[in-house]
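Protein chains in written order, with UniProt numbering: chain A, 1 to 350; chain B, 1 to 350. We treat Cβ as the ideally placed atom computed from N, Cα and C, and that holds for glycine. Predicted, not measured: the structure shown is a model, and the values here were computed from it.
2 protein chains.
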Amino acid sequence: MPRKKEKDPTIADVARAAGVAGMTVSRVLNGGKYVSADVDKRVRSAIVRLGYHPNEAARVLRGQAPRTIGLIVPNLADPFFSVCAHAAQQMAMQQGYATLLLACEADLNEEDRALALLRSRNAATGVLIFPSRLDSAQQLKDMQARGVPVVTLDRTIPGLDAGEVMVENAEGALKAVNHLIMHGHKRIVCVGYDSQFNSISQRMDGYRRAMADAGLKPQMLIAENGAEVPKIVLKRLRAGDVPTALFSLNNVTTTQVLHLLQRENLRVPDQIAVVGFDDFDLGELLAVPLTAVRQPAAELGRSGTRLLLEMIRMGSTGMEGTGARIVLPTELIVRRSCGCVAPPRIAGTK
Amino acid sequence: MPRKKEKDPTIADVARAAGVAGMTVSRVLNGGKYVSADVDKRVRSAIVRLGYHPNEAARVLRGQAPRTIGLIVPNLADPFFSVCAHAAQQMAMQQGYATLLLACEADLNEEDRALALLRSRNAATGVLIFPSRLDSAQQLKDMQARGVPVVTLDRTIPGLDAGEVMVENAEGALKAVNHLIMHGHKRIVCVGYDSQFNSISQRMDGYRRAMADAGLKPQMLIAENGAEVPKIVLKRLRAGDVPTALFSLNNVTTTQVLHLLQRENLRVPDQIAVVGFDDFDLGELLAVPLTAVRQPAAELGRSGTRLLLEMIRMGSTGMEGTGARIVLPTELIVRRSCGCVAPPRIAGTK
DNA sequence: CTGAAAGCGCTTACAG
DNA sequence: CTGAAAGCGCTTACAG
């Protein structure tokens, strides 16, 4: 049975082993400049021999920025977020940064707690966040004021001057709704929730624009939250003037809608066509292969990390009006739920 | 424009504001014992007034265990892992622990790097890991030797005495294959990859047992990795003695198989039945609703964190032969791909 | 119940 | 090119 704790070698141990002063070891560890080749070699070999690793806590206490970013995600169980998070984390690790993950459920107060935890520990050099509360602005501004850059992902916080990575929401929605219009639909209802996020409202704008351009009347169905979607859709279906097509604002809504239509025995797309914003891995394998707007989820994560690390390097907090803004393209993946028969793939999708 | 960095108040600032010594502030911060009510109040109000937060780095340097666990996941883009990770992180945060996330792709060396990062930073008080390399044993033993408990999730590392959370793999597979046998299938092929993991080999055992009990000949189809699955299945389908049913060992395999069968225009379940280990959120909405063994993914994550935190509290590293072992039940969700017509739900599923 | 002081492991002016 | 020493913000014996 091994001992409970084995003490780590310190710089002093290495110094002793190499026959130099601690400060010289530190020099080798960092730049390595102004050190004679001979000493450098002796120190390095001692480091290896003793299995020395610098103590992060001491470094941070001394004022070094921890090579750690905070990643705040509403719900890691949602594939859109988890794909982003995975890509973001990968990119960070590649650059030598660790990722402190904070998943904070829809539950209203958890984002605050997550932010507070990050703040109080002083643990992150930068923050990557899918904001799920628009009123987190103050907490984030505090972080920025302490020199911690912030990048918002997929959504933006009003009044917060931060780095941003968005997706072409309006354009994607426009393409989707135009496609439905092209199929001859006139009563197209737009359904979703979370319209307080600008990602969602941008999609709504795209929908409205497409409808207006075609001289059609927009009809919004906005639920309180994902769980309420079936209820309001069902009510709408039972009212007169039944829609012939649905445009769904995100993946949760799409799933709910599909389940509902299946329960109600409504044939898609014959009785009602469906196009969603957000694609599924299994889109192709669904009872009715889903036509959907695909977002570059992984690229969103990667771009976010890249932008954040750049801001860290530049010493920019994102609050000096320079806030870089990245907008990623979306793509309409045409399958069957829109009414198309042979699935004609758009662009070079495999 | 706010200043770049605002300095944080320290214990000394609080002490001054409260008119006491630093040590007293520290006492209030920790236990709070042996402090007069009056002083306690003065100190607390000063803390609030100044917005004081203890400096984690200093605490850690002083020898306190960081309230942080490391979570090592092969691929966060896989819903099984992301659901676990989410639940694990939630549970950790609830207990005041932060989660350092390390997602390390199938890419062979990343798990090593992830572990090295954790080790070198001394950043985690405990490690939760879905091992993706069986040879990480040494690194993990090192961590244990330094007093950091380890809990393995979903799989086990040979020769490592750690906390473990597993799932009833053999039992689940047995139920699944028995169900196919009940449908009259005789040529049931078991397909998958990653058979070096005991989770997978336990599923294979369950399959073999079911086949043996029915006097049937087991037939294994084990690919190098997920991407190779379609190739070997296709080859098998084109050989003589075509299987009438497939038992798939995990979700990636199931997806691949389903795509392949669709491309080949093989009707499920008429021409070939399919049952998978691992359920999908969208299982119900698939062209052929999938019959699958459901694993309690979220519970796996939660149990893992719970066990790990307990080990941390007990000062157990898991290497003293005490290593707690939790095994979670699985459930067969019967839908249509097995050949059942009206979907008779097993047990109390909604 | 309260405090003065040492020390955790680093880095960094400051000298030489 | 190299080193002695201070100090980052805490906690902890040790006194009183």
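Length of the line joining the Cα atoms of residue i and residue j
i: R27 of chain B; j: K33 of chain B; result: 7 Å
i: D213 of chain B; j: E171 of chain B; result: 14 Å
i: H53 of chain B; j: V14 of chain B; result: 10 Å
i: D40 of chain B; j: M23 of chain B; result: 12 Å
i: residue 414 of chain A; j: Q295 of chain B; result: Nothing about residue 414 of chain A can be reported from this structure: the residues present for chain A run from 1 to 350 only.
i: L153 of chain B; j: A92 of chain A; result: 24 Å
i: R325 of chain A; j: P149 of chain B; result: 42 Å
i: D38 of chain A; j: A227 of chain B; result: 50 Å
i: E331 of chain B; j: A21 of chain B; result: 60 Å
i: N178 of chain B; j: G215 of chain B; result: 12 Å
i: L246 of chain B; j: R236 of chain B; result: 11 Å
i: F277 of chain A; j: L140 of chain B; result: 43 Å
i: V293 of chain B; j: R49 of chain B; result: 55 Å
i: L71 of chain A; j: M182 of chain B; result: 48 Å
i: Q138 of chain B; j: R121 of chain B; result: 18 Å
i: N75 of chain B; j: R336 of chain A; result: 30 Å
i: E310 of chain A; j: A98 of chain B; result: 25 Å
i: V268 of chain A; j: G184 of chain A; result: 15 Å
i: D8 of chain A; j: S132 of chain A; result: 41 Å
i: G283 of chain A; j: S45 of chain B; result: 56 Å
i: T68 of chain B; j: A85 of chain B; result: 15 Å
i: G339 of chain B; j: L180 of chain B; result: 8 Å
i: A162 of chain A; j: T317 of chain A; result: 7 Å
i: A47 of chain B; j: Q144 of chain B; result: For the sequence presented, residue 47 of chain B should be read as Ile rather than Ala. If I take the Cα positions, the gap works out to 37 Å.
Start-to-end residues for the beta strand (DSSP E) that takes in residue i
i: I222 of chain B; result: 219-223
i: V150 of chain B; result: 150-153
i: F247 of chain B; result: 245-248
i: I157 of chain B; result: Here I157 of chain B belongs to no beta strand (DSSP E), and DSSP marks it neither H nor E.
i: R294 of chain B; result: 291-294
i: L234 of chain B; result: L234 of chain B -> not in any beta strand (DSSP E); alpha helix (DSSP H) instead, spanning 229-238.
Residue i (DSSP reduced to helix, strand or coil)
i: residue 353 of chain B; result: Nothing can be reported for residue 353 of chain B, as the shown portion of chain B is limited to 1 through 350.
i: Y207 of chain B; result: helix
i: L61 of chain A; result: helix
i: R67 of chain B; result: coil
i: R336 of chain B; result: coil
i: M163 of chain A; result: According to the sequence as given, residue 163 of chain A is Gly; it is not Met. Three-state result, G163 of chain A: strand.
i: L282 of chain B; result: coil
i: N198 of chain B; result: helix
i: T24 of chain B; result: helix
i: L216 of chain A; result: coil
i: V268 of chain B; result: coil
i: G19 of chain A; result: coil
i: E111 of chain B; result: helix
i: E171 of chain A; result: helix
i: E56 of chain A; result: helix
i: E331 of chain B; result: strand
i: D13 of chain B; result: helix
i: R325 of chain B; result: strand
When the options are compared against residue i, the one with the closest alpha-carbon
i: R187 of chain B; options: B:L286, B:N30, B:M211; result: B:M211
i: D78 of chain B; options: A:A227, A:G206, A:A292, A:A298; result: A:A298
i: F130 of chain A; options: A:I333, A:V341, A:S316, A:T305; result: A:T305
i: Q219 of chain B; options: B:K231, B:S199, B:D241; result: B:D241
i: L61 of chain B; options: B:T254, B:A123, B:V334, B:R209; result: B:A123
i: E224 of chain A; options: A:Y193, A:N250, A:V288; result: A:Y193
i: N169 of chain A; options: A:G163, A:G206, A:G96; result: A:G206
i: residue 365 of chain A; options: A:S36, A:R59, A:V35; result: One cannot answer for residue 365 of chain A here, as it falls past the ends of chain A, which runs 1 to 350.
i: L83 of chain A; options: A:R302, A:L308, A:G31; result: Reading off the sequence shown, one finds Val at residue 83 of chain A, where the question assumed Leu. Of A:R302, A:L308, A:G31, the residue nearest in Cα terms is A:R302.
i: G96 of chain A; options: B:L261, B:P289, B:V25, B:L118; result: B:L118
i: L234 of chain B; options: B:D112, B:N250, B:H259, B:A145; result: B:H259
i: L127 of chain A; options: A:G159, A:L134, A:L286, A:A88; result: What sits at residue 127 of chain A in the sequence shown is Val, not Leu. Nearest C-alpha to V127 of chain A: A:A88.
Closer than 6 Å: residue i CB and nearest the ligand GTP heavy atom
i: T330 of chain B; result: What this structure holds is no ligand at all, so the ligand GTP is not there to describe.
First and last residue of the uninterrupted alpha helix (DSSP H) at residue i
i: F81 of chain B; result: 79-94
i: R302 of chain A; result: 297-314
Taking a Cβ distance cut-off of 9 Å, strictly less, list which residues of the segment 299-314 of chain A are near chain B, in chain order. none
Interface positions of the segment 254-267 of chain B facing chain A (Cβ-Cβ less than 9 Å), listed along the chain:
T255, L258, H259, Q262
Members of the UniProt domain "HTH lacI-type" (9-63) of chain B near chain A, C-beta cut-off 7 Å
H53, N55, E56, A57, A58, V60, L61
Got a sec: which bits of the segment 274-285 of chain A sit with their beta carbon under 8 Å from any beta carbon on chain B, in order along the chain? F280, D281, L282, E284, L285
Pull out every residue of the segment 129-154 of chain B whose Cβ sits closer than 7 Å to any Cβ of chain A, in chain order.
A145, R146, G147
**Study point:** Contact set between the segment 192-222 of chain B and chain A, restricted to residues whose Cβ is under 9 Å from the partner
**Key:** none
Short-range partners of chain B found in the segment 77-88 of chain A, where Cβ spacing is below 7 Å: A77, P79, S82, V83, A85, H86
Got a sec: which bits of the segment 89-103 of chain A sit with their beta carbon under 9 Å from any beta carbon on chain B, in order along the chain? Q89, Q90, M93, G96, A98, T99, L100, L101, L102, A103
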